[in-house]
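Counting with the working numbering, you get residues -19 to 183 for the letters of the sequence shown. C-beta: ideal position from N, C-alpha, C; glycine also.
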Amino acid sequence: MNNHEIDYKIFGDELQGVEIELDPNETVIAEPGGFLMMTEGIQMETMFGDGRETGLMGKLFNAGKRMLTGESLFMTSFTNISQEKRQVSFAAPYSGKIIPLDLSQYNGKIICQKDSFLCAAKGVNIGIEFQRKLGTGLFGGEGFIMQKLEGDGMCFVHSGGYVVEKELKPGEVLKVDTGCIVAFTQDVQYDIQFVGGIKNTLF
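The structure is reproduced here in structure tokens:
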């Protein structure tokens, strides 16, 4: 594995949080604003992008890509610098559910809404995903660019409301309101269709 292996525990009902347990020298990265609390012995550091970039230009380029998704230029890393296990907790910014995703079980990649990423093990690459069809981005309600999470470690996304998991068979089509999509695997084709009728299209 290229990513740090982390243990976790999700707590709460309507307003959920996730507690990450870090072994010595393990690191978790998170979006600004998601941090809740941490035990003594954890070092917090602000960085450009997800910390995988090398060189100033690489860091600036990847941080700039994050701006395209509406995210902050910076991310925060939390590293256990002690010799014992330590805990750091993150909370979703609004009521809903936190979804743990082991990227090694999804062929190393998940595509998600641009504001759903919460935190991940160090080594997970947080990038941008361009939709193949321009109409998908312009009329999809979620913008032309979505986030992609790549690697073989744990990451956590969150969504408002109740979350339903759907597994599509080959060729199966599921029509979903664009604002209700949280994340999907890389082999799901995503496209937009207008509801028939001029009134439905306009209103």
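Which of helix, strand or coil DSSP assigns to residue i
| i | result |
| --- | --- |
| Gly120 | In this prediction, Gly120 scores a pLDDT of 48, lower than 50, which makes its location untrustworthy; the coordinate-derived value is nonetheless stated afterwards. Correct three-state label for Gly120: coil. |
| Leu81 | strand |
| Gly(-3) | strand |
| Gly141 | coil |
| Thr158 | helix |
| Lys146 | coil |
| Lys102 | coil |
| Glu109 | strand |
| Asp(-13) | strand |
| Val8 | strand |
Where residue i falls, given that 16 or more other Cβ within 10 Å makes a residue buried
| i | result |
| --- | --- |
| Cys92 | buried |
| Glu152 | exposed |
| Ser75 | exposed |
| Cys99 | buried |
| Leu81 | buried |
| Val156 | exposed |
| Gln85 | exposed |
| Asn105 | buried |
| Asn60 | buried |
| Val137 | buried |
| Gly159 | exposed |
| Gln(-4) | buried |
| Gln(-8) | Note on identity: in this sequence residue -8 is Gly, with Gln being the wrong assignment. Exposed. |
| Gly103 | buried |
Supposed close pair residue i, residue j - CB separation, criterion 8 Å
| i | j | result |
| --- | --- | --- |
| Ser139 | Lys77 | 6 Å |
| Met126 | Glu109 | 5 Å |
| Val(-2) | Ile(-10) | 5 Å |
| Gly21 | Ser69 | Wrong, their Cβ atoms sit about 14 Å apart, outside the cutoff. |
| Asn(-17) | Asp132 | 6 Å |
| Leu83 | Leu154 | The pair is not a contact, with the Cβ atoms about 22 Å apart (cut-off 8 Å). |
| Ala163 | Met134 | Ala163 to Met134, Cβ: 14 Å. No contact. |
| Val8 | Leu16 | The Cβ separation is near 12 Å, so there is no contact. |
| Gln67 | Ile0 | 7 Å |
| Ile79 | Val143 | 6 Å |
| Asn87 | Gln166 | 7 Å |
In DSSP terms, what residue i is bridged to
| i | result |
| --- | --- |
| Cys92 | Gln127 and Ala163 |
| Ile22 | Asn60 |
| Leu2 | Arg66 |
| Tyr170 | The partner list for Tyr170 (beta bridge, DSSP) is empty, contrary to what the question assumes. |
| Gly76 | Gly140 |
Neighbour flag for residue i against chain B, beta carbons, 8 Å
| i | result |
| --- | --- |
| Ile9 | The structure shown contains no chain B; it holds only a single protein chain. |
For this session: Kindly confirm or deny that the segment 5 to 22 and the segment 55 to 69 touch, where touching means at least three C-beta pairs closer than 8 Å.
Result: yes
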